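Novice: Got a structure for you, questions after.
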Amino acid sequence: MRTSFNIPDAVVEEFDQVWQDEGLANRSRAVREAMQEYIESHSQLEDLTDDVIALVAFDYRHHEVIGELHGVQHEYQDVILNTSHTHQGEWCLESLFCQGAGERVRELTYRLRDFDGVNRVKIMVLRDN
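Here it is, written out as structure tokens:
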């Protein structure tokens, strides 16, 4: 299947450098592998049912989303134990140490990903009980 995507040039250039450094045959192969990793990551997140201990980290443009982000964090204070925040130029980096129902941590992760001003959201499950 042929398809097209709108991706910033800088991202494509960096992606091309990475797959070439890894010695992959072409961009299509690299995209297939990246998509498979994304699917696997999503599946692992969907499988969270028991209580978990997890770290959710994300970066965002402070002025675009700070009010809404604080609102979401308050909605999930039942699973957020503490937060850490730092500034990197125009970007903010935030980490949430979470403990509780896997479903709630998954919902929180999805809510954070839904903001246009949030660049990346990563979750690391440290323990699923």
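Residues 0 to 128 (numbering that gives the first Met the number 0) are what the sequence shown spells out, left to right. For glycine and all other residues, C-beta sits at the position ideal for the given N, C-alpha and C. The structure presented is a predicted model; accordingly, all values stated were derived computationally and were not measured.
1. Between which two residues does the beta strand (DSSP E) containing Ser94 stretch?
2. Kindly confirm or deny that the segment 73–82 and the segment 28–44 touch, where touching means at least three C-beta pairs closer than 8 Å.
3. Verify whether the separation of the beta carbon atoms of Val124 and Val78 is less than 8 Å.
4. In the DSSP output, what is Cys50 paired with across the bridge?
5. Near His62, what residues of its chain come up, given a Cβ to Cβ distance below 6 Å and the 5 sequence neighbours on each side ignored?
Specialist: From the atom records:
1. Numbered from its first residue, the sequence shown carries residue 94 at position 95. First-last of the beta strand (DSSP E) with Ser94: Trp90 to Ala100.
2. no
3. Residue numbering aside, residue 124 sits at position 125 when the sequence shown is read from its first letter. Residue numbering aside, residue 78 sits at position 79 when the sequence shown is read from its first letter. Not a contact, by the Cβ cut-off of 8 Å.
4. Residue 50 sits at position 51 when you count from the first residue of the sequence shown. Checking the displayed sequence, the identity of residue 50 turns out to be Asp instead of Cys. According to DSSP, which records beta bridges pairwise, Asp50 is partnered with Ala100.
5. Within the sequence shown, numbered from 1, the residue matching residue 62 stands at position 63. For His62, where only same-chain residues beyond five positions count, there are no Cβ hits under 6 Å.
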